[in-house]
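In the order they appear, the protein sequences are chains A and B.
Taking our numbering, the leading residue of the first sequence gets 30, the next gets one more, and so forth.
Taking our numbering, the leading residue of the second sequence gets 30, the next gets one more, and so forth.
Ideal Cβ placement from N, Cα and C applies to all residues, glycine included.
Please read these numbers as outputs of a predicted model, since none were measured by experiment.
Shown next, in structure tokens, is the structure this report addresses.
There are 2 protein chains.
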Amino acid sequence: MSIGRVSERTGLSAHTLRFYEREGLFVEPIRRDTAGRRVFGEKEVGWLQVCARLRSSDMPLPDIRRYAELVRQGAGTEAERLELLRGHQARVERRARELRDSLDVIRFKVALYEEHFAAGSADTLWRDGPACAPAE
Amino acid sequence: MSIGRVSERTGLSAHTLRFYEREGLFVEPIRRDTAGRRVFGEKEVGWLQVCARLRSSDMPLPDIRRYAELVRQGAGTEAERLELLRGHQARVERRARELRDSLDVIRFKVALYEEHFAAGSADTLWRDGPACAPAE
DNA sequence: GCTTGACCTCGAGTCGACTCGAACTCCTAC
DNA sequence: GTAGGAGTTCGAGTCGACTCGAGGTCAAGC
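Okay, structure coming up:
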């Protein structure tokens, strides 16, 4: 499978795929055809889909590289892989909570504006500072 | 209130507060004492707490600046402010969903490792590619 | 009067993850 | 045989939001 096809299937640009290879993010070296072009298999696509998920939840590239290294080293590294995943899981959950908290504030302010619009008194907003939230 | 005190109360560094002023993120110009030092009031602290929330949900500085500008302009700009907030709300909600989706994958993989550990067969993980998720 | 510490300005540096562009090589189809 | 398209390498550029550091000013306490 060509880099272009993989790019289509994963949503990652060809530039990014080459960059990921340079960065050592792949578990096995990418094969090449006679002309030196990269040849990808289903395994790589599956892994890239995982990578995309890890990235979209902001796992840093060094962590993904580390995970790839551990898989490369094979049996015996499973505990550290699990630890890596759990650490990331915890961070993502924390981040999700943070977003929820921010959403509370944003929704509060949106509701405030809507109420004032309904009451025709939007111009009284921000008299002596921002109205933040009920209990902040 | 000194910049140091505001830094303590908002969790934003003094450097960041000066940077925010340069970037025009404040609604009103920051007052100065005779020695040229910034003097903040409760209004500013409240606004900075809102800013911190907007930032922690990744609202870009230009959007916050725009919001501040609109407040500065006063009555008549409420509709655009509301629009700005709603746009951000939608983005944050989308982002929260994305994180949830990623969490599904991460939790699936964590569970997979745990099962294999329990079964004593962790070494059979990654035979022909990553196990991604039940239905991806 | 002198040290200490908190403040000031200004410009430059950092960081991570791409993203781009130039110059090149292939293979395929006409 | 040549034009086009997809691939290659390499190094440099971008972006946003800080973050830092040098060099200076000021007020209070000893």
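For residue i, the nearest candidate out of the options (CA to CA)
i        : options                                  : result
A/Glu37  : A/Glu50, A/Leu77 and A/Arg94             : A/Leu77
A/Gly65  : A/Ser31, A/His145 and A/Arg124           : A/Ser31
A/Thr153 : B/Gly70, B/Gln118 and B/Glu107           : B/Glu107
B/Pro159 : A/Ala125, A/Ala81 and A/Asp133           : A/Ala81
B/Leu113 : B/Ile93, B/Ala140, B/Ala104 and B/Arg47  : B/Ile93
A/Leu128 : B/Asp133, B/Arg61, B/Val121 and B/Ala140 : B/Val121
A/Val100 : B/Trp155, B/Leu99 and B/Cys161           : B/Trp155
A/Arg51  : A/Leu90, A/Ala119, A/Val74 and A/Leu83   : A/Leu90
A/Ile135 : B/Leu83, B/Glu71 and B/Leu46             : B/Leu83
B/Ser131 : A/Arg47, A/Arg124, A/Glu71 and A/Asp130  : A/Arg124
B/Leu111 : A/Ala119, A/Arg47, A/Ala147 and A/Thr63  : A/Ala147
Closer than 8 Å at the beta carbon, the chain B residues around residue i
i        : result
A/Gln118 : Leu132, Ile135, Arg136 and Val139
A/Leu111 : Val139, Tyr142, Glu143 and Phe146
A/Ala125 : Ala125, Leu128, Arg129 and Leu132
7 Å Cβ cut-off: residues of chain A touching residue i
i       : result
B/Arg82 : Ser131 and Val134
B/Arg67 : Those do not exist, as B/Arg67 stays about 17 Å from chain A at its closest Cβ, beyond 7 Å.
Neighbouring residues, chain A, relative to residue i (Cβ below 9 Å)
i        : result
B/Gln102 : Chain A residues near B/Gln102: none, gap ~11 Å exceeds 9 Å.
B/Gly40  : Those within 9 Å of B/Gly40 in chain A number zero; the least Cβ separation is about 13 Å.
B/Pro89  : Residues of chain A passing the Cβ test: none, with the nearest at roughly 14 Å.
Spatial neighbours of residue i in its chain, beta-carbon cut-off 8 Å, leaving aside the 5 residues before and after
i        : result
B/Ala151 : Tyr142 and His145
B/Gly33  : Ala43
A/Glu109 : Leu99
A/Val74  : Met30, Val35, Arg38 and Thr39
Paired residues, beta bridge with residue i - DSSP
i       : result
B/Val68 : B/Arg60
7 Å CB neighbourhood of residue i in its chain, flanking five on each side removed
i        : result
B/Gly40  : Ala81
A/Arg67  : Ile32, Ile59 and Arg61
B/Arg95  : Leu113
A/Gly105 : none
B/Leu46  : Ile32, Val35 and Ser36
Own chain residues within Cβ distance below 6 Å of residue i, not counting five before or after
i        : result
B/Ala97  : Leu54 and Val56
A/His117 : Met88
B/Phe69  : Met30 and Val35
B/Ser86  : Val121
B/Val139 : none
Residue i: contacting residues in chain A (beta-carbon distance under 8 Å)
i        : result
B/Asp92  : Chain A residues near B/Asp92: none, gap ~12 Å exceeds 8 Å.
B/Arg95  : The premise fails here: B/Arg95 is roughly 15 Å from chain A at the closest Cβ pair, so nothing lies under 8 Å.
B/Glu122 : Leu132
B/Leu114 : Ile135, Lys138, Val139 and Tyr142
Interface partners of residue i on chain B, CB under 7 Å
i        : result
A/Glu98  : Under the 7 Å cutoff, chain B gives no residues; its nearest Cβ is about 13 Å from A/Glu98.
A/Pro159 : Gly75, Trp76 and Val79
A/Leu154 : Glu107
A/Ala151 : Glu107
Cβ-heavy atom distance, residue i to the ligand NAP, below 7 Å
i       : result
B/Val74 : For the ligand NAP, the structure offers nothing, since it holds no ligand at all.
Inset, instruction - Please go through the region 104-155 of chain B and give each complete alpha helix (DSSP H) segment of 4 or more residues, from N-terminal end onward. - result: 107-147
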